[in-house]
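In this note's numbering, the protein residues as written are 1 to 141.
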């Protein structure tokens, strides 16, 4: 069984965002693998859509035995279990959400399919808040 190092970025801007992130962390540890590093939670403004709800974001480094596709499927189950009804890729737009879990990097591989792109270049290159969170973990791009 191969182990993979994965960076996840989590965000929430509905309800008790701190509690939402903590619930997601517990589910990630229970279903996906061992968290070996985590960033602080920070508050950020919505990006690429307008909302009066502020986001709380954080990043995790995870060790998992799941493949990228398996990991994505399990992440979508966690998001749905926590109350997220729609995926922004399906909707074609961003909206407020109770939880959002993105795979930012996966063992340094490049992966490109209709449902998943690794690395998540928006978080690595375009979104300032993401870069700051990832830099705090000393994560290699």
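Ideal Cβ positions, reconstructed from N, Cα and C, are used throughout, including at glycine.
These figures come from a predicted structure and were not determined experimentally.
Residues that residue i bridges to, as DSSP identifies them
i           : result
residue 11  : 57, 100
residue 38  : 60
residue 118 : 111
Endpoints, the alpha helix (DSSP H) within which residue i is located
i           : result
residue 46  : It is not in any alpha helix (DSSP H) - residue 46 carries neither H nor E in the DSSP assignment.
residue 131 : 128-136
residue 19  : 17-31
residue 72  : 68-81
Distance between beta carbons of residue j and residue i, contact taken as under 8 Å
i           : j           : result
residue 137 : residue 18  : Incorrect: roughly 19 Å between the Cβ atoms, too far for contact.
residue 10  : residue 24  : 6 Å
residue 82  : residue 98  : 6 Å
residue 72  : residue 115 : 7 Å
Min CB distance residue i to chain C below 7 Å
i          : result
residue 34 : The displayed structure is made up of one protein chain only, and chain C is not part of it.
Span separating the alpha-carbon of residue i from that of residue j
i           : j           : result
residue 132 : residue 3   : 26 Å
residue 63  : residue 107 : 10 Å
residue 30  : residue 110 : 26 Å
residue 34  : residue 28  : 8 Å
residue 135 : residue 41  : 14 Å
residue 130 : residue 12  : 14 Å
residue 70  : residue 16  : 28 Å
residue 66  : residue 32  : 7 Å
residue 20  : residue 1   : 31 Å
residue 45  : residue 52  : 9 Å
residue 60  : residue 84  : 20 Å
residue 57  : residue 119 : 18 Å
residue 14  : residue 47  : 15 Å
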